[in-house]
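Peer 1: Positions 74 to 413 (our numbering) are the ones given, in order, by the sequence shown. Once you've had a glance at the structure underneath, I'll fire off some questions.
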Amino acid sequence: MKPHQKNPIEILGWPVDRIHKEARRLTREKHRGRVSYVKNRNINYTDTCIYNCHFCAYSRKPGDPEGYRLTKKQVLDKTKKAIENGATEICIQGGINPEINYQWYLDLLETIKQHHQIHIHAFSPQEIDYMTSQNQKSTEKTLRELRKAGLDSMPGTAAEILDNRIRNRICPQKITSERWTEIILEAHRQGIPTTATMLYGHIETWRDRINHIQKLKTIQEKHGGFTEFIPLPFIPGNNRMKDRKKTTPEESHLVIAISRILLDGYIDNIQASWVKLGRQKAMEALNHGANDLGGTLMEENISSSTGQKLKTQMTPNQLKNTIKEAGKKPVERTTTYQKN
C-alpha cells in the first residue's frame with residue numbers, strides 16, 4: 074500500500090503539479106486514452122418535495138402552484154422519445170412528494186418495462202428511504218420489489234458529504250450518512266449497481282472531501298457495486314446558499330485528480346459532469362483524471378434551476394467531438410460501463 078493510501082490526508086501536502094501528473098499517469102494506464110459517454114435521458118418526475126435542503130433551487134413545497142408531477146403516461150412518452158433518439162438508459166429521479174405512494178413507483182417501473190426494453194437507472198437512497206417509510210417494509214424487501222418491477226441500477230445521489238455534522242447544516246431533514254450507506258450496501262448486496270457522488274464547494278473542507286472518498290472506498294470493498302464516481306460542484310443561485318462563492322475550475326480539476334489517486338484500485342471510472350462544469354471545463358477535466366463525460370441527458374432541470382446559464386443537453390456527436398478535442402478516443406458505453 075502506498076503511503077498516501079495509508080494516510081490519505083498526506084496528499085494535501087503534495088505540490089499541485091505532482092497531483093495532476095500522478096492522476097494523468099493513473100488514468101492513462103487504466104484507460105489508454107479512451108473516454109466514455111452514454112446515450113441517456115434524464116426524467117425528473119416531480120419537483121415537489123417535503124424537504125428544504127439549503128443547496129437546492131429545484132424543489133417546490135407541497136401545494137405550490139408552480140410544482141409539478143408527471144403522470145405515468147408522460148414518463149412513458151418521454152421514454153419513447155428517448156429510445157427514438159437512441160438512448161440506452163433513462164435516469165428517473167424526483168423530489169419527495171407526499172402525494173406519491175409506494176405502489177406508484179412499482180407501477181411506473183412495470184409500465185416502462187412492459188412497453189420498452191431500456192435500462193432504468195432510478196431512485197436515490199433518499200427516495201428509497203421514503204418508500205420504506207411509506208410501505209412499512211424493510212430496505213431489503215423494498216429493493217427486491219423494485220428490482221422485480223424493473224429497477225436496473227440506482228444513482229448514488231443524496232450523498233452530498235457523508236458527514237452528519239455537515240449534513241445537519243446543509244440538509245438537516247435528509248437521511249444520515251449511515252442510512253445512505255445502509256441503503257447503498259443493501260443495493261449492492263442484491264446486485265443492483267449504483268453510482269457514487271460527492272457534492273463539494275459549499276461549507277466542507279478538503280479534509281471532509283477526502284474523508285468522504287475514504288468512506289466510498291470502504292463501501293466499495295464490501296461488494297464492488299459502484300460503477301463510477303461523480304464529483305458534483307455546488308452551484309450557487311436561487312437557493313439558501315446563493316451567496317457562496319462558486320467553485321473555480323482549477324479546484325474542480327484538483328478534486329477530480331485527487332479522486333483518481335485515492336480511488337485507484339477501487340473505482341475505475343470518474344466522471345466529469347459537463348452539466349455542472351460546462352463543456353469546456355469538463356473537456357479539460359479529461360486531462361486531470363476523468364475518463365467519462367456522462368450522458369446526453371436530453372433534459373436537465375436541477376442544475377438549470379439555479380439560474381445559471383448551463384447547457385442541458387448534448388448530442389452524441391457533440392460529446393464525441395468534445396472528447397476528441399481533448400485528444401482522447403470516444404467510446405460509447407452502457408450504464409454499467411459495458412462498451413457498445
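Beta carbons are placed, not taken as given, at the ideal position from N, Cα and C, and that holds for glycine.
How would you call Thr144, buried or exposed, if buried means at least 16 neighbouring beta carbons within 10 angstroms?
Peer 2: Label assigned to Thr144: exposed.
Peer 1: With distances taken between CB atoms, is the gap from His285 to Asp341 smaller than 8 Å?
Peer 2: No. Outside cutoff.
Peer 1: Which residues in the same chain as Thr249 place their Cβ atom closer than 8 Å to its Cβ, once the five residues preceding and following it in sequence are excluded?
Peer 2: Asn237 and Arg240.
Peer 1: Going by CA-CA distance only, name the one from Thr268, Ile234, Asn394 and Leu305 that's closest to Thr408.
Peer 2: The residue with the shortest Cα to Cα distance from Thr408 is Thr268.
Peer 1: Can you tell me which of the three DSSP states Leu359 falls into?
Peer 2: DSSP places Leu359 in coil when its eight states are reduced to three.
Peer 1: Could you compute how far the alpha carbon of Val348 sits from the alpha carbon of Asp180?
Peer 2: Val348 and Asp180: Cα-Cα distance of roughly 30 Å.
Peer 1: Check the C-beta distance from Thr270 over to Asn113 and give it rounded, since I have them as a contact under 8 Å.
Peer 2: Rounded, the Cβ-Cβ distance is 16 Å, inconsistent with contact.
Peer 1: Do the region 219-228 and the region 88-99 make contact, defined as three or more Cβ pairs closer than 8 Å?
Peer 2: Flag = no, the region 219-228 and the region 88-99 do not touch.
Peer 1: Do you know how far the Cα of Glu255 is from the Cα of Pro306?
Peer 2: Whole-angstrom Cα-Cα distance: 25 Å.
Peer 1: Report, in whole angstroms, the separation of the C-beta atoms of Gly167 and Thr212, which I expect to be a contact under 8 Å.
Peer 2: Contact flag wrong, Cβ pair sits at about 19 Å.
Peer 1: Could you please give the first and the last residue of the uninterrupted beta strand (DSSP E) stretch that includes Gln287?
Peer 2: Looking at the DSSP string, Gln287 is not in any beta strand (DSSP E); the run it does join, the alpha helix (DSSP H), is Trp279 to His296.
Peer 1: In the structure shown, what three-state DSSP assignment does His104 receive?
Peer 2: His104 falls in the helix class under three-state DSSP.
Peer 1: Within 10 angstroms of the Cβ of Pro198, are there 16 or more other Cβ atoms? Answer buried if so, exposed if not.
Peer 2: Buried: at least 16 other Cβ atoms inside 10 Å.
Peer 1: Is the distance from the Cβ of Ile84 to the Cβ of Ile334 below 8 Å?
Peer 2: Yes, Cβ-Cβ distance for Ile84 and Ile334 is below 8 Å.
Peer 1: What did DSSP end up calling Ser377 once you bin it into helix, strand or coil?
Peer 2: The predicted position of Ser377 is uncertain, since its pLDDT is 49 and thus under 50; a value taken from the coordinates is nonetheless stated next. Residue state, collapsed to three classes: helix.
Peer 1: With DSSP as the reference, label Pro304 as helix, strand or coil.
Peer 2: In this structure, Pro304 counts as strand in the three-state DSSP scheme.
Peer 1: For His188 and Leu149, I'd like the C-alpha separation in whole angstroms.
Peer 2: C-alpha separation (whole angstroms): 8 Å.
Peer 1: Under the assumption that His261 contacts Gly298 (Cβ atoms under 8 Å), give the Cβ distance between them as a whole number of angstroms.
Peer 2: Contact flag correct, Cβ pair sits at about 3 Å.
Peer 1: Less than 8 Å between the CB atoms is what I'm expecting for Thr395 and Leu366, so what's the real figure, rounded?
Peer 2: With a Cβ gap of about 6 Å, Thr395 and Leu366 count as contacting.
Peer 1: CA-CA distance, Ile116 and Ile243?
Peer 2: Straight-line Cα distance between these residues: approximately 25 Å.
Peer 1: Measuring alpha carbon to alpha carbon, tell me which residue in Met371, Lys153, Asp337 and Leu327 is nearest Lys354.
Peer 2: With distances taken between Cα atoms, Lys354 lies closest to Leu327.
Peer 1: Please return the same chain residues whose Cβ sits closer than 7 Å to the Cβ of Ile82, not counting the five positions on each side in sequence.
Peer 2: Excluding residues within five positions, the ones whose Cβ falls inside 7 Å are Arg280 and Ile283.
Peer 1: Do the CB positions of Lys290 and Tyr339 come within less than 8 Å of each other?
Peer 2: The answer is yes: Cβ separation under 8 Å.
Peer 1: Are the beta-carbon atoms belonging to Asn170 and Thr205 less than 8 Å from one another?
Peer 2: Contact: no.
Peer 1: Rank Val108, Ile343, Lys153 and Ile292 by C-alpha distance to the C-alpha of Leu258 and give the top, closest one.
Peer 2: Measuring from the Cα of Leu258, the nearest candidate turns out to be Ile292.
Peer 1: What residue range does the beta strand (DSSP E) around Thr268 cover?
Peer 2: Thr267 to Tyr273 is the extent of the beta strand (DSSP E) around Thr268.
Peer 1: How many Å lie between Gln190 and Gly86 at the Cα?
Peer 2: Cα-Cα distance, rounded: 49 Å.
Peer 1: Buried or exposed for Pro309, please, with buried defined as at least 16 other CB atoms from any protein chain shown within 10 angstroms of its CB.
Peer 2: Classification of Pro309: buried, given that the 10 Å Cβ count is 16 or more.
Peer 1: Could you name the residues of the same chain whose beta carbon sits closer than 6 Å to that of Lys401, not counting the 5 residues immediately before and after it, in chain order?
Peer 2: Excluding sequence neighbours, Lys401 sits near Gly106, Val108 and Leu359.
Peer 1: Helix, strand or coil: how does DSSP classify Arg352 here?
Peer 2: In this structure, Arg352 counts as helix in the three-state DSSP scheme.
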